[in-house]
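Residue numbers (the working numbering): 168 to 395. All C-beta atoms in this analysis are idealised placements derived from N, C-alpha and C, irrespective of residue type, glycine included. Structure, as structure tokens:
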């Protein structure tokens, strides 16, 4: 995943990781709704095992356990600091297995379901996004549900500057610290590896997923359910 390191390295900063829990609600319209939708769609399959790629912070892992309390969740994250935050947030819940690394470091499964929330936009679209999705699908049982959500803006679109500005204004209105927001906005605009929704859906198809449906949209944050 070379190329995603500048943004991903932030989550290895203990101070950044420690303040992560409240940040998504400030920058993502309908964040709580996204989590409820994710839990509902995953629970439809009554899974016993769930793979949560990028689940180190513990937020989506808590949602999954709340909706499917009998499931075991494997939370995979490249940041030891985020994994530590997740363990503390969930009080080291015995139903969670924590894996430091990328999808390629995850157990082979096969898992009954999977999520990838607020993660794939860090991965460059130079083959790495597709390889990540393929590796994730290879760890799922046939027909298993997969919920994925992230910032979905095509930087080549002439309207992308407007889209990023709207993202900034939403965070401002949520009370995010102005200085921190200015730095974050610059990083997101220049270094985040997001693509547009059409490309996101194309990547899911190329990775072998089917039944792809857009199930969440908050400004330019999009979420889909797809099936292995």
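| query | result |
| --- | --- |
| Let me confirm a value: residue 349 is counted as buried when at least 16 other C-beta atoms fall within 10 Å, else exposed. Which label applies? | exposed |
| Residue 192: buried (16+ other C-beta within 10 angstroms of its C-beta) or exposed? | exposed |
| Go to residue 269, then tell me how far its beta strand (DSSP E) extends in each direction, as first and last residue. | It is not in any beta strand (DSSP E) - residue 269 carries neither H nor E in the DSSP assignment. |
| Check whether the Cβ atoms of residue 196 and residue 337 sit closer than 9 Å, and answer yes or no. | yes |
| Considering only the alpha carbon of each residue, which of 229, 233, 279, 333 lies closest to residue 252? | 229 |
| Can you tell which of 344, 212, 383, 352 has its C-alpha closest to the C-alpha of residue 364? | 383 |
| On the DSSP letters alone, give me the boundaries of the beta strand (DSSP E) that residue 218 sits inside. | 216-220 |
| State the DSSP-derived secondary structure class of residue 236, mapped to helix, strand or coil. | coil |
| Can you give the Cα-Cα distance for residue 233 and residue 211, rounded to whole angstroms? | 14 Å |
| Helix, strand or coil: how does DSSP classify residue 247 here? | helix |
| Near residue 341, which residues of its chain fall below 6 Å by C-beta distance, leaving aside the five closest residues on each side in sequence? | 193 |
| Measuring from the CB of residue 387, is there a heavy atom of the ligand MN at a distance below 8 Å? | The model depicted lacks the ligand MN and carries no ligand whatsoever. |
| Starting from residue 337, follow the beta strand (DSSP E) in both directions and report where the run begins and ends. | Careful: residue 337 lies outside any beta strand (DSSP E), inside the alpha helix (DSSP H) at 327-340. |
| Is the beta carbon of residue 362 closer than 9 Å to that of residue 292? | yes |
| Would you call residue 304 buried or exposed, if buried means 16 or more other Cβ atoms sit within 10 Å of its Cβ? | buried |
| Please say whether residue 190 and residue 358 have beta carbons closer to each other than 9 Å? | no |
| By DSSP, does residue 191 sit in helix, in strand, or in coil? | helix |
| Between residue 308 and residue 276, what straight-line distance do the alpha-carbon atoms span, to the nearest angstrom? | 8 Å |
| Less than 7 Å between C-beta atoms, sequence neighbours within five positions excluded: which residues of the same chain meet that for residue 374? | 297, 300, 301, 304 |
| How big is the Cα-Cα spacing for residue 203 and residue 209? | 10 Å |
| Just checking my contact of residue 320 with residue 287 at CB under 8 Å: how many whole Å lie between their CB atoms? | Rounded, the Cβ-Cβ distance is 13 Å, inconsistent with contact. |
| Apart from the five residues just before and just after residue 387, which ones in its own chain have a Cβ nearer than 7 Å to its Cβ? | 318, 319, 320, 330, 334 |
| Cα separation between residue 198 and residue 369? | 24 Å |
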